[in-house]
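A short write-up of the structure that comes next.
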Amino acid sequence: MEESERSGILVRNTKLPPRRSYKYYPFETGSGSGKEEMKEEVVRLGVEYSLLVSETMFLLCDDIRTVLWFCATLWRCLTSKQTPEIQKLLLVMHHVYSDYIKPKNGVFHDDGNSVRWGLVSKAWKEFTDGVVVLYLLVSVLERNDYSYDDRVLSSAIAQYRSNVLKKLEDKLKDVSVSEAMNGFERERIESKASDIWRSLFDEGEALSKVMRRKILSDMFTPLLDNEIHNGMMALPRISHPYILGKDFAKDLLKEEIVKLGAEMCLFVAESMFLLCDDIRSMLWFCYKLWGDARKDRSPDSPVVERLLCVIHYVYSEHMIPKKGVYRTDGEESVQWRLINGTWKSFETGIRDVDKLVMNLRDREYGLTLKGREYTCRIEHALKKVAEELNPGKHVSEANGFVREAMESRILELWKSIFDKDAKKVVKIEMFGDLFLSVCTEPPPHYLY
Numbered sequence: 001m002e003e004s005e006r007s008g009i010l011v012r013n014t015k016l017p018p019r020r021s022y023k024y025y026p027f028e029t030g031s032g033s034g035k036e037e038m039k040e041e042v043v044r045l046g047v048e049y050s051l052l053v054s055e056t057m058f059l060l061c062d063d064i065r066t067v068l069w070f071c072a073t074l075w076r077c078l079t080s081k082q083t084p085e086i087q088k089l090l091l092v093m094h095h096v097y098s099d100y101i102k103p104k105n106g107v108f109h110d111d112g113n114s115v116r117w118g119l120v121s122k123a124w125k126e127f128t129d130g131v132v133v134l135y136l137l138v139s140v141l142e143r144n145d146y147s148y149d150d151r152v153l154s155s156a157i158a159q160y161r162s163n164v165l166k167k168l169e170d171k172l173k174d175v176s177v178s179e180a181m182n183g184f185e186r187e188r189i190e191s192k193a194s195d196i197w198r199s200l201f202d203e204g205e206a207l208s209k210v211m212r213r214k215i216l217s218d219m220f221t222p223l224l225d226n227e228i229h230n231g232m233m234a235l236p237r238i239s240h241p242y243i244l245g246k247d248f249a250k251d252l253l254k255e256e257i258v259k260l261g262a263e264m265c266l267f268v269a270e271s272m273f274l275l276c277d278d279i280r281s282m283l284w285f286c287y288k289l290w291g292d293a294r295k296d297r298s299p300d301s302p303v304v305e306r307l308l309c310v311i312h313y314v315y316s317e318h319m320i321p322k323k324g325v326y327r328t329d330g331e332e333s334v335q336w337r338l339i340n341g342t343w344k345s346f347e348t349g350i351r352d353v354d355k356l357v358m359n360l361r362d363r364e365y366g367l368t369l370k371g372r373e374y375t376c377r378i379e380h381a382l383k384k385v386a387e388e389l390n391p392g393k394h395v396s397e398a399n400g401f402v403r404e405a406m407e408s409r410i411l412e413l414w415k416s417i418f419d420k421d422a423k424k425v426v427k428i429e430m431f432g433d434l435f436l437s438v439c440t441e442p443p444p445h446y447l448y
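With UniProt numbering, letter number 100 in the sequence shown gets 100, and the count goes up by one each step, no holes.
Rendered as structure tokens:
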């Protein structure tokens, strides 16, 4: 029905980016291990979305004209290309129309409107977001080079369920009685929709031009000589959704860095409890860790700042009240040997977290950073720290380390890591509280 595109019937046409060149995330590396499972999940999303569209068609069928305009606008308002997910949606809409709606011989109001049109207009953003995000998911999963990131796609799928499907369900559930009266048979339609969507990623399954023309003619010919539906014209312009949008993966990366930074600091706290049989050894550990973290970094590094804050928090609220022993005989904590194996891993973790944070605070550069490569390295470093500290876990816990008691406080410190306007801490006072005693004496032999 190419000619109808010029007739004024299908008026909204927001172009989507080319399927092969669309880049929406900063990660250039990532696992492709979940590709087939994610394809199956996207097929399920397509089925569930199609069922909600079908349900809406039944809700509007007191006026056939409104049903057809709803289908036409949804089908054509997003893209000029007939992509696989759009074709599957078109097939489901045609099945519902030809097998359920058309046989009813319902009323076609030339200038009227369904009494439930207000419901659709309120849910229009979710309807259009549903198609756009499906387009993007299919686009990425069609690639053969595995140049997508599993974590980004998993989050996108989860948010599609909560921010698209769930919201649509909530907006439609109040009229479930009406849909039943209009003949909506969910189980039968779901079975057909599943058959249609099952071949979404199969090669050679594109809708033929003849079949496509037949479907478009069957559904939309009644609209050719009809004025444009006023309700459709009043709908808001289509905007690209947040899910898989330009900031989506960057925000996910930021959330992950916050968690990794907090996790790293929890290991620092655990190390402090491990060494607290000798306060001097513990303070020298903290002083060296913080001092090494400052090397070759900005004096205003928010990562180094939060490291100092966590050390000060643990020391002032947990160590000072213990009134532990401060040895002056030059001997180290009995657990120092466990700490010796953590230096390199702590250094790697702090360095890479700092690189990610500093680059992501710069919007443009952050978008081209190989974020996943860094986070994988940080995760590996933290795993190594955990392995080194594990033999002494019973000691740190016996000394009072309770991870759950500190986790929320430390995480809260890290949540503002990307806020450039966050209040600066008074580092001089913290430094004095922590290191005044150790920085005036020569480093102990066990540090090297």
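The beta carbon of each residue, even a glycine, is placed where N, CA and C say it ideally should be.
Because the structure is a prediction, the values reported are computed rather than measured.
Suppose you measure from the CA of Gly366 to the CA of Arg372; what does that come to, to the nearest Å?
As a first step, residue 366 must be located in the sequence shown, where it is residue number 366. As a first step, residue 372 must be located in the sequence shown, where it is residue number 372. Note that Gly366 scores a pLDDT of 47, beneath 50, so its modelled location is shaky and nothing firm can be said.
For Lys322, I'd like the list of residues in its chain whose CB is within less than 7 Å of its CB, leaving aside the five on either flank, ordered along the chain.
Taking the first residue of the sequence shown as 1, we reach residue 322 at position 322. Within the same chain, Lys322 has close Cβ partners Cys276.
Our contact map puts Val42 next to Ser194 with C-beta atoms below 8 Å; I'd like the distance itself, whole angstroms only.
Mapped onto the sequence shown, residue 42 falls at position 42. Mapped onto the sequence shown, residue 194 falls at position 194. At roughly 13 Å, the Cβ-Cβ gap does not stay under 8 Å, so Val42 and Ser194 are not in contact.
Evaluate Tyr448 with the Cβ neighbour count: other Cβ atoms within 10 Å of its Cβ, from every protein chain shown; 16 or more gives buried, anything less gives exposed.
Position 448 of the sequence shown, counted from the first residue, corresponds to residue 448. By the neighbour-count rule (16 or more Cβ atoms within 10 Å), Tyr448 is not buried but exposed.
Is the beta carbon of Leu45 closer than 8 Å to that of Leu134?
Counted from its first residue, the sequence shown places residue 134 at position 134. Counted from its first residue, the sequence shown places residue 45 at position 45. A contact, by the Cβ cut-off of 8 Å.
Look at the alpha carbon of Val132 and the alpha carbon of Lys254, and state the distance between them as a whole number of angstroms.
Walking along the sequence shown from the start, residue 132 turns up at place 132. Walking along the sequence shown from the start, residue 254 turns up at place 254. Approximately 24 Å between the Cα atoms of the pair.
DSSP state of Asp145, grouped into three classes?
Residue mapping note: residue 145 aligns to position 145 of the sequence shown, counting from 1. Because Asp145 carries a pLDDT of 44, less than 50, the predicted location of this residue cannot be relied on, and no value is offered for it.
State the DSSP-derived secondary structure class of Lys420, mapped to helix, strand or coil.
Working through the sequence shown from its first residue, we reach residue 420 at position 420. Residue state, collapsed to three classes: coil.
Using DSSP with H/G/I as helix, E/B as strand and the rest coil, what is Asp218?
Looking up residue 218 in the sequence shown gives position 218. Reduced to three states, the DSSP call for Asp218 is helix.
Are the Cβ atoms of Cys71 and Met93 separated by less than 8 Å?
Sequence index remark: in the sequence shown, residue 71 carries index 71 (1-based). Sequence index remark: in the sequence shown, residue 93 carries index 93 (1-based). Yes, Cβ-Cβ distance for Cys71 and Met93 is below 8 Å.
Using 8 Å as the Cβ pair cut-off and three pairs as the minimum, do the region 264–273 and the region 390–406 touch?
yes
Are there three or more Cβ pairs, one per stretch, closer than 8 Å when the region 334–351 is compared with the region 378–394?
yes
Give the straight-line distance between the Cα atoms of Phe431 and Tyr287, rounded to the nearest whole angstrom.
On the sequence shown, position 431 is the one that residue 431 refers to. On the sequence shown, position 287 is the one that residue 287 refers to. Cα to Cα, the separation comes out at about 9 Å.
Whole angstroms are fine: how far does the CA of Val304 sit from the CA of Met319?
The sequence position of residue 319 within the sequence shown is 319, counting from 1. The sequence position of residue 304 within the sequence shown is 304, counting from 1. Roughly 21 Å between the two C-alpha positions.
Leaving out five residues on either side along the sequence, give the residues of the same chain with a beta carbon under 7 Å from the beta carbon of Gly231.
The residue labelled residue 231 in the question sits at position 231 within the sequence shown. Taken in chain order, the residues that qualify are Asn113, Trp117 and Ser121.
Answer with buried or exposed for Glu185, where buried requires no fewer than 16 other C-beta atoms within 10 angstroms of its C-beta.
Working through the sequence shown from its first residue, we reach residue 185 at position 185. Counting other Cβ atoms within 10 Å of its Cβ, Glu185 stays below 16 and is therefore classed as exposed.
According to DSSP, is Leu307 helix, strand or coil?
Here residue 307 is taken as the residue at index 307 of the sequence shown, counted from 1. Under the three-state reduction of DSSP output, Leu307 falls in the helix class.
Which whole-angstrom value describes the C-beta separation of Ile417 and Arg306, a residue pair presumed to lie in contact below a C-beta threshold of 8 Å?
The residue given as residue 417 occupies position 417 in the sequence shown. The residue given as residue 306 occupies position 306 in the sequence shown. Confirmed, Cβ separation roughly 7 Å.
Among the residues of its own chain, which have a CB less than 6 Å from the CB of Glu332, if the five just before and after it don't count?
Translated into positions along the sequence shown, residue 332 becomes position 332. Here the set comprises Ser281 and Tyr446.
Mind checking which residues open and close the alpha helix (DSSP H) that includes Phe184?
Counting from 1 along the sequence shown, the entry for residue 184 is found at position 184. Note, Phe184: premise wrong, no alpha helix (DSSP H); not H, not E.
Should Gly392 be labelled buried (16 or more other beta-carbon atoms within 10 Å of its own) or exposed?
The residue given as residue 392 occupies position 392 in the sequence shown. Per the 10 Å Cβ criterion, buried.
With distance defined between alpha-carbon atoms, name the residue in Gly349, Thr128 and Leu141 nearest to Arg237.
Indexing the sequence shown from 1 puts residue 237 at position 237. Residue Thr128 is the option with its Cα nearest to Arg237.
Excluding the five sequence neighbours on either side, which residues of its own chain have a C-beta within less than 8 Å of the C-beta of Ser7, listed in chain order?
Sequence index remark: in the sequence shown, residue 7 carries index 7 (1-based). Low confidence applies to Ser7: its pLDDT is 34, below 50, so where it sits in the model is not reliable, and the reading given next is rough at best. So the qualifying residues of the chain are Leu224.
Between the Cα of Cys309 and the Cα atoms of Asn182, Ala405, Val96 and Trp414, which residue gives the shortest distance?
Your numbering for residue 309 matches position 309 in the sequence shown. Checked all of Asn182, Ala405, Val96 and Trp414; the closest Cα to Cys309 is Trp414.
Identify the continuous alpha helix (DSSP H) that holds Ala386 and give its terminal residues.
Counting from one through the sequence shown, the residue named residue 386 turns up at place 386. That run of the alpha helix (DSSP H) goes Gly371 to Leu389.
For Val385, which residues from the same chain have a beta carbon less than 6 Å from its beta carbon, with the 5 sequence-adjacent residues on both sides left out?
Position 385 of the sequence shown holds residue 385. So the qualifying residues of the chain are Phe267, Thr342 and Ser345.
With C-beta atoms as the reference, is Ala262 less than 8 Å away from Ile410?
Residue numbering aside, residue 262 sits at position 262 when the sequence shown is read from its first letter. Residue numbering aside, residue 410 sits at position 410 when the sequence shown is read from its first letter. Yes; because the gap between Cβ atoms is below 8 Å, this pair is in contact.
Could you spell out where the alpha helix (DSSP H) holding Pro84 opens and where it closes?
For the purposes of this step, residue 84 is taken as residue 84 along the sequence shown, with counting starting at 1. Unbroken alpha helix (DSSP H) run through Pro84: Pro84 to Val96.
Classify residue 458: buried if its beta carbon has 16 or more other beta carbons within 10 angstroms, exposed otherwise.
Because residue 458 is not part of the residues shown, which for the chain are 1 to 448, the question remains open.
Please list the terminal residues of the continuous alpha helix (DSSP H) segment that includes Cys286.
In the sequence shown, the residue the question calls residue 286 occupies position 286. Segment Ile279 to Arg294, the alpha helix (DSSP H) holding Cys286.
So, helix, strand or coil for Phe401, using DSSP?
By one-based count along the sequence shown, residue 401 stands at place 401. When secondary structure is reduced to three states using DSSP, Phe401 falls in the coil class, being assigned neither helix nor strand.
Kindly indicate the opening and closing residues of the alpha helix (DSSP H) around Thr56.
Residue numbering aside, residue 56 sits at position 56 when the sequence shown is read from its first letter. Unbroken alpha helix (DSSP H) run through Thr56: Lys35 to Leu59.
Is the beta carbon of Leu137 less than 8 Å from the beta carbon of Leu153?
For the purposes of this step, residue 137 is identified with residue 137 of the sequence shown, where counting begins at 1. For the purposes of this step, residue 153 is identified with residue 153 of the sequence shown, where counting begins at 1. Yes, the pair counts as a contact, with Cβ atoms nearer than the cut-off.
Flag this pair as yes or no: are the beta carbons of Val438 and Leu283 separated by less than 8 Å?
Position 438 of the sequence shown, counted from the start, is the residue given in the question as residue 438. Position 283 of the sequence shown, counted from the start, is the residue given in the question as residue 283. A contact, by the Cβ cut-off of 8 Å.
Just curious, the alpha helix (DSSP H) that residue 462 is in, first and last residue?
A question about residue 462 goes unanswered here, because the residues of the chain that appear run from 1 up to 448.
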